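Participant: The structure under discussion is supplied below as structure tokens; questions concerning it will follow.
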Amino acid sequence: MDVCLLYFEDCPSWKVTDRRLVAIATEHPEVRIRRQRVETLEQAERVGFRGSPTVLVDGADAFGSPDSAAGLSCRVYRTADGLAGAPTLEQLHAALGLTQEVTR
7 MDVCLLYFED CPSWKVTDRR LVAIATEHPE VRIRRQRVET LEQAERVGFR
57 GSPTVLVDGA DAFGSPDSAA GLSCRVYRTA DGLAGAPTLE QLHAALGLTQ
107 EVTR
């Protein structure tokens, strides 16, 4: 499974998402993570960047609506605890169609 983390440097939330994706890839070696920095509006439109961080799974935005505008902004995610700058670990597992390992 190809996972691409799209981000831009001015939004710190991409680093949280990156750490969570790395944790998932450690549990699931079939998950390959790529990171792509987005620097211009033209590039954002070309790659389907809907704000930082954007997670593409096999080329499709795992959390976005296709009619959302592309742009260089920080993205907001709805979580069980309210709005956040990054999807939760649970949301990422679900978006990737993976089960989460439970540690005791």
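Counting from 7, one number per residue, gives the positions in the sequence shown under this note's numbering. Quick reminder that beta carbons are idealized off the backbone N, C-alpha and C, glycines included. What you are looking at is a predicted structure, and each value in this text was computed from that prediction instead of being measured.
Here's the rule I'm using: 16 or more other beta-carbon atoms within 10 Å means buried, otherwise exposed. How should Gln97 be labelled?
Facilitator: buried
Participant: Please classify Ala29: does DSSP put it in a helix, a strand, or coil?
Facilitator: helix
Participant: Which stretch, first to last residue, makes up the beta strand (DSSP E) that contains Leu12?
Facilitator: 8 to 13
Participant: Would DSSP call Val44 helix, strand or coil?
Facilitator: Three-state result, Val44: coil.
Participant: With the cut-off set at 8 Å, would you say Asp64 and Met7 are in Cβ contact?
Facilitator: yes
Participant: Rounded to whole angstroms, what's the CA-CA distance from Ala75 to Glu33? Just pull it up for me.
Facilitator: One C-alpha to the other measures close to 33 Å.
Participant: In three-state terms, what does DSSP make of Asp3?
Facilitator: Residue 3 falls outside the range modelled here, since the chain spans only 7 to 110, and no answer is possible.
Participant: Suppose the cutoff is 6 Å on Cβ atoms and the five residues either side in sequence are ignored; what does the same chain contact list for Ala68 look like?
Facilitator: Val61, Ala101
Participant: I'd like to know whether the C-beta atoms of Leu95 and Arg26 end up nearer to each other than 8 Å.
Facilitator: yes
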